[in-house]
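The sequence shown lines up with residues 18 to 403 when you count with the numbering used here.
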Amino acid sequence: MAIRLPDSTVIEDPDLLASYRRDESHVLGDLPRAVVKPRSAVALKALVTLAKDEGLGLVPRGAGTGKAGGCVPNGRSLVVDLGEWPGSIAVDHAGLSLTAPASASLKAVKESALAEGLFYPPDPNSWQLCGFGGSLATNAGGPNAGKYGMTRHWVLSVDALMADGAIHTFGIGSVKANAGPALAQLLVGSEGIFGLITGATVRVIPAPRAFLTLLLPVARWEDLLDLPSKLAEAGLQPSAFEFFDPAVLAELRAHGPEEARRLPGEALALLEFDDADCTGEAFLDRVVDALGPTATHLQAATDAAQRERLWAVRRMTSSFLKERHPKKVSEDITVPRSKLKAFFAGLEALKIPAVTYGHLGDGNLHVNLLAAGETAPAELEAQLMA
């Protein structure tokens, strides 16, 4: 196979291929025929020809941090690992854009923008580990999505390998591009269905100059669910509104790191604002007024180090739960904010041990079913469908 695939690294050792059967979703796929790491357009052309000749599927893979099984091989397939794809990150100040190859890490993309005083908002929990290409293929969001939207809202153009073996560019790298359908948006979030993303140009904006990070413990869990709308009614839009339900907070207090064991309240929110005037006393007063009685125990991060410690607890929650409950099932779902109370009432009625945390700002919830490892699949399914 390597002879027919020039300018590529080809892995065919079954022992090495085994790790490519899964991502972070717990979905176990089939053993791929091979893993191919192409380094040029010529390599991709040869790869497509081979796949057609042999009847093999092409499964794109980034860093393997996804939780949707998008890079898990199925059937007779080749995994296309774009980790060796060439290219560098380029920032265009005049165009307020950034261009990067799929092989770049999202961390490098965000830091490259920040080094130029610019900001690329998408920040999935795995932003320090995931690939830029993978974040495009999955339309990644994150805590900032409530204010800044998903990855697709920042994409100007996409380069992608198509079925003809050539790399095509969709979009023109400009915000206003109204001639014809927005084909780039078909590729963002498609996880390789329509083509394999090799790079993209995205929008960037001037970086926020200030942050107000708040820890909000509440005595009644239900009160927390009303707060996003109360802030909106007051004309306030947090850049992040994260939450911990009582069950996950209890887990963190009992078994988490020292910083987590001191978390107060029955339930907890982590709010952040990045408005230009957010560090002023008048802005904080507006927030307190909007939150009403729930703001009694509101705490503000006093410096960058404390802000980072608070965010560190939030970002480690997923790995903490995975270590504590290795057989749990983690679902990443979105519920309209107006339906949140009904959703949690329904979840409680199922009587299935579960913990939930995530992005209250846009209704993106990380629901972890802890009983999955101990309950027979048929019984669990019956409970869910009842």
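Ideal Cβ placement from N, Cα and C applies to all residues, glycine included.
Computed from a predicted model, the values in this text were never measured in an experiment.
### Reduced DSSP secondary structure (H/G/I, E/B, other) of T215
Here the question's residue 215 lines up with position 198 in the sequence shown. Strand at T215.
### Task
Confirm, please, whether the CB-CB distance from L73 to S94 is below 8 Å.
Walking along the sequence shown from the start, residue 94 turns up at place 77. Walking along the sequence shown from the start, residue 73 turns up at place 56. For S94 and L73, yes; Cβs fall inside 8 Å.
### Query
Between which two residues does the beta strand (DSSP E) containing G151 stretch?
The sequence position of residue 151 within the sequence shown is 134, counting from 1. From DSSP, G151 is part of no beta strand (DSSP E) but of the alpha helix (DSSP H) over 149 to 154.
#### Entry: Whole-number beta carbon distance between V89 and R38, since they are thought to touch under 8 Å
Mapped onto the sequence shown, residue 38 falls at position 21. Mapped onto the sequence shown, residue 89 falls at position 72. For a cut-off of 8 Å, the C-beta gap from R38 to V89 is around 7 Å, short enough to register as a contact.
#### Entry: A208 - DSSP class collapsed to helix/strand/coil
In the sequence shown, the residue the question calls residue 208 occupies position 191. The sequence as given places Glu at residue 208; Ala does not occur at that position. Note: E208 maps to coil in three-state DSSP.
### Query
Taking C-beta to C-beta, are L135 and P234 nearer than 8 Å?
Along the sequence shown, read from residue 1 onward, the residue named residue 135 stands at position 118. Along the sequence shown, read from residue 1 onward, the residue named residue 234 stands at position 217. Cβ distance not < 8 Å, so L135 and P234 don't count as in contact.
### Task
Could you tell me which residues DSSP puts in a beta bridge with R278?
By 1-based counting over the sequence shown, the position of residue 278 is 261. BP columns for R278 are empty, so no partner.
### Message
Taking DSSP's pairing of strands, which residues face S25 in a bridge?
### Response
In the sequence shown, residue 25 corresponds to position 8, counting from 1. Answer by DSSP bridge pairing, in chain order: P55.
### Task
Round the Cβ separation of E259 and H376 to the nearest angstrom and send it over; I've been treating them as touching at under 8 Å.
The residue given as residue 259 occupies position 242 in the sequence shown. The residue given as residue 376 occupies position 359 in the sequence shown. Contact annotation, E259 with H376: C-beta distance approximately 6 Å; criterion of less than 8 Å satisfied.
### Task
Please report how far the alpha carbon of A125 lies from the alpha carbon of S256, in whole angstroms.
Locating residue 125 in the sequence shown gives position 108, where the first residue counts as 1. Locating residue 256 in the sequence shown gives position 239, where the first residue counts as 1. Going by the C-alpha atoms only, they are around 21 Å apart.
### Task
Identify whether Q316 lies in helix, strand or coil by the three-state DSSP scheme.
Translated into positions along the sequence shown, residue 316 becomes position 299. Q316: strand per DSSP, three-state reduction.
### Message
Please identify the residue among E396, D40, G112, D140 whose C-alpha is closest to the C-alpha of N91.
### Response
Here residue 91 refers to the residue found at position 74 of the sequence shown. That would be D40, whose Cα lies nearest to the Cα of N91.
### Query
Does DSSP put D262 in a helix, a strand or coil?
Sequence index remark: in the sequence shown, residue 262 carries index 245 (1-based). Reduced to three states, the DSSP call for D262 is coil.
#### Entry: Span of the alpha helix (DSSP H) around L173
As a position in the sequence shown, residue 173 is number 156, starting the count at 1. Membership of L173 in any alpha helix (DSSP H) is not indicated; the residue belongs instead to the beta strand (DSSP E) covering 172 to 178.
### Message
Which same chain residues end up closer than 6 Å to L99 when comparing Cβ atoms and leaving out the 5 residues on each side of it in sequence?
### Response
Residue numbering aside, residue 99 sits at position 82 when the sequence shown is read from its first letter. Taken in chain order, the residues that qualify are A119, S120, G150.
### Query
Starting from Y165 and walking both ways along the beta strand (DSSP E), at which residues does that stretch end?
Start at 1 with the first residue of the sequence shown, and residue 165 comes out as number 148. Where Y165 is concerned, there is no enclosing beta strand (DSSP E), although the alpha helix (DSSP H) it sits in stretches over 162 to 165.
### Query
How big is the Cα-Cα spacing for G159 and L241?
On the sequence shown, residue 159 is found 142 positions in, with the first residue counted as 1. On the sequence shown, residue 241 is found 224 positions in, with the first residue counted as 1. Taking the straight line joining both Cα atoms gives about 19 Å.
### Query
From A85, L45, R78, D24, pick the residue whose C-alpha is nearest to that of V59; which is it?
Position 42 of the sequence shown, counted from the start, is the residue given in the question as residue 59. For the residues A85, L45, R78, D24, the minimum Cα distance to V59 belongs to D24.
### Message
Taking the alpha-carbon of G166 as reference, which of N156, V175, A85, L173 has the nearest alpha-carbon?
### Response
Start at 1 with the first residue of the sequence shown, and residue 166 comes out as number 149. For G166, the closest of N156, V175, A85, L173 by C-alpha to C-alpha distance is N156.
### Query
Quick one, which of T82, A162, A227, D349 has its alpha-carbon nearest R324's?
The residue you call residue 324 lines up with position 307 of the sequence shown. R324 has its Cα closest to that of A227, out of T82, A162, A227, D349.
### Message
According to DSSP, H222 sits in a beta bridge with which residue or residues?
### Response
Taking the sequence shown and counting its residues from 1, one reaches residue 222 at position 205. First, the residue type needs correcting, since residue 222 is Ile and not His in the sequence shown. In DSSP, I222 forms a bridge with F136.
### Task
Kindly indicate which three-state DSSP category L131 falls into: helix, strand or coil?
As a working note, residue 131 is residue 114 in the sequence shown. Here L131 sits in helix by DSSP.
### Task
Hey, could you find the ends of the alpha helix (DSSP H) E340 is sitting in?
What you label residue 340 is simply residue 323 of the sequence shown in a count that begins at 1. Start and end: 321 to 341.
### Task
Any chance you could list the alpha helix (DSSP H) runs of at least 4 consecutive residues sitting entirely within the segment 55 to 100, in chain order?
58 to 71
### Query
Just checking my contact of V221 with Y137 at CB under 8 Å: how many whole Å lie between their CB atoms?
As a first step, residue 221 must be located in the sequence shown, where it is residue number 204. As a first step, residue 137 must be located in the sequence shown, where it is residue number 120. Confirmed, Cβ separation roughly 5 Å.
### Task
Check F300 in the structure and name its three-state DSSP category.
Your numbering for residue 300 matches position 283 in the sequence shown. Helix at F300.
### Task
Could you tell me which residues DSSP puts in a beta bridge with L418?
Residue 418 falls outside the range modelled here, since the chain spans only 18 to 403, and no answer is possible.
### Message
Less than 8 Å between the beta carbons of E348 and V384, yes or no?
### Response
One-based indexing of the sequence shown puts residue 348 at position 331. One-based indexing of the sequence shown puts residue 384 at position 367. It is a contact, given that the beta carbons lie within the stated cut-off.
### Query
Beta-carbon separation of V219 and V172 under 8 Å?
Numbered from its first residue, the sequence shown carries residue 219 at position 202. Numbered from its first residue, the sequence shown carries residue 172 at position 155. Against a cut-off of 8 Å, the Cβ pair of V172 and V219 comes out as a contact.
### Task
Return the CA-CA distance between E174 and K356, expressed in angstroms with no decimal places.
Numbered from 1 along the sequence shown, position 157 holds the residue referred to as residue 174. Numbered from 1 along the sequence shown, position 339 holds the residue referred to as residue 356. Looking at the sequence provided, one finds Ser at residue 174 rather than Glu. About 35 Å.
### Message
Distance check for F361 and R278, CA to CA, integer angstroms please.
### Response
In the sequence shown, the residue the question calls residue 278 occupies position 261. In the sequence shown, the residue the question calls residue 361 occupies position 344. Rounded to the nearest angstrom, the two C-alpha atoms are 25 Å apart.
### Query
Hey, G190 and G112 are a contact pair by Cβ (cut 8 Å); roughly how many whole angstroms apart?
Residue mapping note: residue 190 aligns to position 173 of the sequence shown, counting from 1. Residue mapping note: residue 112 aligns to position 95 of the sequence shown, counting from 1. Confirmed, about 7 Å.
### Message
Please state the DSSP three-state secondary structure of F361.
### Response
Counting from one through the sequence shown, the residue named residue 361 turns up at place 344. Three-state result, F361: helix.
### Query
Comparing alpha-carbon positions, which option in N142, L213, I350 lies nearest A183?
Your numbering for residue 183 matches position 166 in the sequence shown. Of the listed residues, the one whose Cα sits closest to A183 is L213.
#### Entry: Given S143 as reference, the closest of H185, D291, K84, D181 once Cα atoms are compared
Along the sequence shown, one-based indexing puts residue 143 at 126. Residue K84 is the option with its Cα nearest to S143.
### Query
Three-state secondary structure (DSSP) at S105?
As a working note, residue 105 is residue 88 in the sequence shown. Correct three-state label for S105: coil.
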